[in-house]
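Asks: Please read through the structure below; I'll follow up with questions.
In the numbering used here, the protein residues as written are 105 to 442.
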C-alpha cells in the first residue's frame with residue numbers, strides 16, 4: 105500500500121491525517137518483517153560478524169539487514185517521508201534538520217559521530233531545514249540492544265516512530281524474540297498486541313520498580329549515570345539494567361516498570377517510547393521536567409505519580425562528585441564466539 109503526499113496546509117492539525125491507523129498498521133507490518141530477520145539471526149550469534157562504533161558500541165550484520173528492510177518498505181509505502189535510521193540507512197543530513205525543530209541537541213552537545221558528519225559536508229541548508237519542518241519523518245532503531253544480541257542475551261527491540269513538525273504521532277516498539285508489539289497513535293491510546301495498556305498505579309518511589317542504562321562513553325565521561333543509580337537504589341524497590349531503552353519505555357507504558365531514566369540516548373531510541381508512555385497515561389520529560397525530551401539526551405519516564413520524586417532524586421545524583429574518567433580503547437572488528 106502506497107501513501108501519497110500528505111496534503112499540507114498552514115496548521116499542524118490540518119497537516120496530519122485524521123485517522124492514523126492505516127499508517128500504524130503499515131508500521132507494525134514492517135516491524136514484524138524486520139523482527140523476523142532479528143529472530144532468525146539470533147540463534148546463530150556465534151557466526152555473527154560484530155564490528156564496533158566505539159569501545160562498547162557494537163553493530164552487527166543483523167542491525168544493517170533489518171534497517172535496510174525497514175527503510176526500503178518505508179520508502180515504498182511513504183515516498184514523500186524523510187527517514188532517520190541509527191545505522192545511516194536513511195537521510196544522513198536529518199540529524200541537523202531535526203535540530204532545527206528542537207529534536208536534537210545543539211552542536212555543543214552533539215556526539216563525536218554527529219560532529220564528524222557535519223565536518224564531512226552534511227550540514228543542512230536553511231532551505232532544507234525549513235522543508236523538513238513540513239515533511240513527516242520516520243525515526244528508526246532496527247536493533248536496540250545490539251550488545252545483548254551479540255552475546256546471545258535474549259532482550260532486544262526495534263522501534264519505528266513517525267514525527268510531524270517534531271511531534272510523534274505514530275510509534276511502534278517490537279520485541280522480536282518475545283513476539284510482543286507495543287503500538288500507539290497520538291490521541292489513540294497505547295496497546296500491546298492490540299490490547300489497551302496503561303501505566304502502573306504505584307504512588308511512591310519507595311515501592312517503584314525502575315530501569316536505567318549507561319552511555320557508550322561511560323568509561324571516559326565524567327557523567328556516566330552511576331551517581332544517579334546509587335541514589336535510586338537507596339530509594340526504590342529495585343533498579344534493572346536490561347540494555348534496551350526501547351523496551352524499558354514500553355515496559356513503563358504497560359506497567360511492568362514504574363519508571364525509567366537515562367542519559368545520552370538518541371531520538372530513535374526514545375521517540376516511539378515517549379508516545380507509548382504518554383498515551384498509556386504516563387509522563388515523559390527531560391531532567392528539568394520539560395516535555396521537550398525527544399533528543400534523548402536526558403530522559404525520565406514514569407507512571408506520572410512518581411515523576412516528581414524521580415526528578416528530585418536525579419537532581420541529587422547530578423550534584424554528586426564525579427570520579428576521574430579512565431582511558432578508552434576502541435576495539436577493532438571481531439568475530440563473536442559463544
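Every residue, glycine too, gets a C-beta built ideally from N, C-alpha and C.
When the Cα atoms are used, what is the spatial distance from residue 190 to residue 246?
Replies: The alpha-carbon atoms of residue 190 and residue 246 are separated by roughly 7 Å.
Asks: Given a cut-off of 8 Å, decide if residue 339 and residue 310 are closer than it, judged by their beta-carbon atoms.
Replies: Yes.
Asks: Please state if the CB of residue 139 and the CB of residue 300 are separated by a distance shorter than 8 Å.
Replies: For residue 300 and residue 139, no; Cβs fall outside 8 Å.
Asks: How would you call residue 240, buried or exposed, if buried means at least 16 neighbouring beta carbons within 10 angstroms?
Replies: Buried: at least 16 other Cβ atoms inside 10 Å.
Asks: Per DSSP, residue 278 is paired with what?
Replies: DSSP lists 262 and 285 as partners of residue 278.
Asks: Helix, strand or coil for residue 416 per DSSP?
Replies: If DSSP states are grouped into helix, strand and coil, residue 416 belongs with the helices.
Asks: Starting from the Cα of residue 368, find the closest Cα among 378, 380, 398 and 356 and give me that residue.
Replies: Comparing Cα positions, the closest option is 398.
Asks: Pick from 375, 251 and 337: whose alpha carbon is nearest that of residue 272?
Replies: Nearest of 375, 251 and 337 to residue 272, Cα basis: 375.
Asks: Give me the DSSP bridge partner(s) of residue 174.
Replies: Answer is none; residue 174 lacks a bridge partner.
Asks: Is residue 366 helix, strand or coil when you go by DSSP?
Replies: Note: residue 366 maps to strand in three-state DSSP.
Asks: Output the distance between the C-alpha atoms of residue 178 and residue 250, rounded to the nearest integer angstrom.
Replies: Cα-Cα distance, rounded: 22 Å.
Asks: With residue 145 as the anchor, note down where its alpha helix (DSSP H) starts and where it stops.
Replies: 125-145 is the extent of the alpha helix (DSSP H) around residue 145.
Asks: Could you give the distance in angstroms between the alpha-carbon of residue 278 and the alpha-carbon of residue 293?
Replies: The straight-line gap from Cα to Cα measures roughly 17 Å.
Asks: Are the beta-carbon atoms of residue 352 and residue 361 separated by less than 8 Å?
Replies: Yes, Cβ-Cβ distance for residue 352 and residue 361 is below 8 Å.
Asks: How long is the line joining the alpha carbons of residue 380 and residue 355, rounded to whole angstroms?
Replies: For residue 380 and residue 355, the distance between alpha carbons rounds to 9 Å.
Asks: How would you call residue 219, buried or exposed, if buried means at least 16 neighbouring beta carbons within 10 angstroms?
Replies: Caution is warranted here: a pLDDT of 34 is assigned to residue 219, below 50, making its placement in the model unreliable, and the coordinate value is therefore given only provisionally. Residue 219 should be labelled exposed.
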